[in-house]
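These notes are about the structure you will find just below.
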Amino acid sequence: MTFNDRVEAYIARIEGVLDHYLPAESVAPTILHQAMRYSALSGGKRIRPLLVYASGEALGVAPDMLDAPAVAIELMHTFSLIHDDLPAMDNDDLRRGRPTAHRAFDEATAILAADAMQPLAFEVLATHPALRDHPAIQVRLIALLADACGSRGMTGGQSMDMTSEGKRLDPAELEHIYRLKTGYLLRASVLSAAYCRADVPLATLHALERFVDALGLAFQVRDDILDIEGTTAETGKTGGSDLASDKATYPHLFGMAEARARADELLKQAMDAIADAGPSYDGLRWAARFIVLRQRA
């Protein structure tokens, strides 16, 4: 079996863990829990959890050790999507082909649903049964996620993304924003498996960091391209929103041809970083192709 053959099973696994940790809609406050479940269980490609499990396969980490970081990272990702969609930020009406949380409920409920997912993510890491006897691993995973999502990570990247609207950035400035806004949470996805072991060689960690650094940049460049070329059926969002907001994106600043060339270059860098690794890394290779090429093969 290839990793592609296991993708649906991994997605079903993460859906089950999410369902377990999200409070039931019947539990008070019911509207808040409805909004949380609406947003977190709305499908999606589950790229970040898949990266967690693919990295676990590469490093020989059992899936039950990976469930907690996979679900914690997905909860934090969902938190960021709800906030990104708000009128004060991107003001989007669609997410994953459905009305965004502030449209399906209301703005205050959406904000609170997102806010509740942050502590829930850390609660999962602190209490998951597979990690209870490994406090050192728990601390490393909690620190990794906090660093990825704070002002020097995802949240800082979102702030810089907003303040860059209408500005002309050079490629290095734009890619710095990409690393923070998108890349650091992907980095946490890949490294979380390594942090579940104490004996991962430094050279392996460095190779994984090179892999995911290139992949995170490629991910965002590809998203920029899809915002212009992709259909709503493909992206689950309203197309052209970045262009309408005069956002600093690769195609907008440097042209579509340059954006495509950069995505291809970054995919090659990611693949080169793990070129000498064995077949256990095929899941990461699959993820890289899927993220950049949107090919499930």
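Using numbering that gives the first Met the number 0, the letters of the sequence shown correspond one by one to residues 0 to 296.
Backbone N, C-alpha and C define an ideal beta-carbon position, used for all residues, glycine too.
Distance CB(residue i)-CB(residue j) smaller than 8 angstroms
i: Thr77; j: Ser38; result: yes
i: Leu124; j: Gly152; result: no
i: Met35; j: Met161; result: no
i: Ala69; j: His127; result: no
i: Ala213; j: Ala260; result: no
i: Thr99; j: Asp105; result: no
i: Leu168; j: Ala286; result: no
i: Ile290; j: Ala217; result: yes
i: Glu164; j: Asp245; result: yes
i: Ala129; j: Asp63; result: yes
i: Asp281; j: Phe2; result: yes
i: Leu143; j: Tyr20; result: no
Counterpart residues of residue i in DSSP-defined beta bridges
i: Arg97; result: Arg94
Whole-Å CB distance - residue i paired with residue j, under 8 angstroms assumed
i: Phe121; j: Ile141; result: 6 angstroms
i: Arg186; j: Val211; result: 5 angstroms
i: Phe14; j: Leu40; result: Checking the sequence, you will find Glu at residue 14 rather than Phe. Yes, they are in contact, since the Cβ atoms of Glu14 and Leu40 sit about 7 angstroms apart, within 8 angstroms.
i: Tyr249; j: Ala256; result: Not a contact, Cβ separation roughly 11 angstroms.
i: Gly215; j: Tyr177; result: 7 angstroms
i: Ala145; j: Tyr183; result: The pair is not a contact, with the Cβ atoms about 11 angstroms apart (cut-off 8 angstroms).
i: Arg293; j: Met270; result: Rounded, the Cβ-Cβ distance is 16 angstroms, inconsistent with contact.
i: Gly43; j: Arg5; result: With a Cβ gap of about 18 angstroms, Gly43 and Arg5 do not count as contacting.
Open item on the list: I want to know whether the region 195–211 touches the region 54–63 - three or more CB-CB distances under 8 angstroms.
Closed with: yes
Task: contact_flag[the region 75–95, the region 109–117] where n(CB pairs < 8 angstroms) is 3 or more - done: yes
TODO: Spell out a yes or no on whether the region 177–196 and the region 265–276 are touching, meaning 3 or more CB-CB pairs, one atom from each, closer than 8 angstroms.
DONE: no
- [ ] Evaluate contact between the region 4–13 and the region 40–49, counting only Cβ atoms and requiring at least three cross-stretch pairs below 8 angstroms.
- [x] Contact between the region 4–13 and the region 40–49 is present, with at least three C-beta pairs closer than 8 angstroms.
Open item on the list: As an exercise, report each continuous alpha helix (DSSP H) stretch of at least 4 residues that is fully enclosed by the region 247–296, in chain order.
Closed with: 249–253, 255–272, 281–292
- [ ] Go through the region 21–103 residue by residue and report every complete run of the alpha helix (DSSP H) that reaches 4 residues or more, in order.
- [x] Secondary structure within the region 21–103: the alpha helix (DSSP H) runs of 4 or more consecutive residues, fully enclosed, are 29–39, 46–58, 62–84, 100–103 (chain order).
Task: Runs of alpha helix (DSSP H) lying entirely within the region 173–236, each at least 4 residues, in chain order - done: Those alpha helix (DSSP H) runs which fall completely within the region 173–236 and span 4+ residues are 183–194, 201–228, 231–234.
TODO: Enumerate, from N- to C-terminal direction, the unbroken alpha helix (DSSP H) stretches of 4 or more residues contained entirely within the region 121–175.
DONE: 134–148, 153–162
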